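As structure tokens, the structure follows; a few thoughts come after it.
Number of protein chains: 2
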Amino acid sequence: MVVAEASIVEMAETLKLLSDKTRLTIIALLKEREMCVCDIVDILETTQPNISQHLKKLKNGGIVNETRRSQWIYYSLNVNDKPYLNDILNRLPSMKERIEALKPNSCC
Amino acid sequence: MVVAEASIVEMAETLKLLSDKTRLTIIALLKEREMCVCDIVDILETTQPNISQHLKKLKNGGIVNETRRSQWIYYSLNVNDKPYLNDILNRLPSMKERIEALKPNSCC
DNA sequence: CAATTATATAAGTGATTGATAATATAAGTG
DNA sequence: CACTTATATTATCAATCACTTATATAATTG
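Heads up: the protein sequence lines correspond to chains H and V, in order.
Numbering-wise (this note's numbering), the first sequence opens with residue 7 and increments by one.
Numbering-wise (this note's numbering), the second sequence opens with residue 7 and increments by one.
This is the structure in structure tokens:
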């Protein structure tokens with residue numbers, strides 16, 4: 007894959023997407039595995055529209071992909087073309103515990 | 007040096023500092039060398055109070071250091087305790103040409 | 001098709017942001 | 001000390017933001 011050098015403006019726009027604690031937590035979650043909206047809502051303990059709007063921003067910024075599977079829409083990370091994010095992603099705190107805690111009453 | 011793991015909230019706050027094109031350009035400049043305020047104003051072609059306020063935010067966020075030398079105040083990068091910024095810093099476009107262009111009529 | 005579940009969109013709101021203009025502080029110079 | 005140069009601070013304003021509430025769309029199920 008060929009990765010073009012990012013301009014400062016492009017980098018700033020992408021970093022703005024990561025500069026909100028809700029969105030950065032979503033990214034930390036998606037780093038562990040793909041997730042549907044209801045998973046993220048459960049883990050972050052906020053409203054569904056709130057998460058939905060943050061996911062829309064991440065999708066528009068090219069940070070995540072979405073795939074519908076029957077009634078659920080799954081989001082996954084799409085950062086392979088942004089190598090300048092690698093160190094951030096590698097150093098995000100692990101969300102494994104919060105994901106495990108979700109399992110029993112899973113929504114999807 | 008011991009570098010503590012950053013929380014998501016701390017990382018988001020720091021990334022917000024890098025998410026503005028003026029501030030990210032300042033960081034790209036300071037990556038090449040320390041600079042005084044008037045250098046940065048000349049290169050970025052904006053007003054002195056604008057740069058001064060951005061520098062204040064970067065300083066409060068612990069991203070830059072300041073040192074006064076007679077009437078000039080020099081700013082320099084201070085990112086050694088934030089390894090998650092490494093890939094961003096390494097992939098910022100070079101500012102060497104814009105810094106060279108400044109040299110003749112340098113203000114300090 | 002009616003009811004339910006999952007998700008998106010729209011409208012409204014208070015808070016924050018980046019920039020500007022005006023003014024203040026601080027150091028250097030004659 | 002008056003003047004200049006470098007930088008910081010303050011006040012203001014339009015724009016953007018994150019969140020909430022309400023409503024719409026879409027798929028599933030009986």
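Beta carbons are placed, not taken as given, at the ideal position from N, Cα and C, and that holds for glycine.
Note that the coordinates shown come from a computational prediction; the quantities given were computed from them, not determined experimentally.
Under a Cβ-count criterion, where at least 16 other Cβ atoms within 10 Å of its own Cβ denotes burial, should residue i be classed as buried or exposed?
i	result
K88(H)	buried
T20(H)	buried
R75(V)	exposed
M7(V)	exposed
V70(H)	buried
C113(H)	exposed
A12(V)	buried
Taking residue i as the reference, give the member of the options with the closest Cα.
i	options	result
I33(V)	H60(H), N66(H), K63(H) and M17(H)	M17(H)
R104(H)	V70(H), Y90(H) and D48(H)	D48(H)
G68(H)	V8(H), D93(H) and L83(H)	L83(H)
L100(V)	K62(V), N92(V) and E38(V)	In the sequence on display, residue 100(V) carries Ser and not Leu. Residue E38(V) is the option with its Cα nearest to S100(V).
D26(H)	P55(H), S112(H) and L64(H)	L64(H)
V43(H)	T52(H), E51(H) and S58(H)	S58(H)
L23(V)	K62(V), L35(V) and E40(V)	K62(V)
L108(H)	T28(H), Y80(H), Q77(H) and L35(H)	L35(H)
K102(V)	A10(V), V9(V) and M41(V)	M41(V)
Under the assumption that residue i contacts residue j (Cβ atoms under 8 Å), give the Cβ distance between them as a whole number of angstroms.
i	j	result
L95(V)	V85(V)	7 Å
L30(V)	I14(H)	5 Å
Give me whichever residues DSSP pairs with residue i in a beta bridge.
i	result
C42(H)	Y80(H)
Extract the residue ranges of the alpha helix (DSSP H) inside the segment 57-97 of chain V, only unbroken runs of 4 or more that lie entirely within it.
92-97
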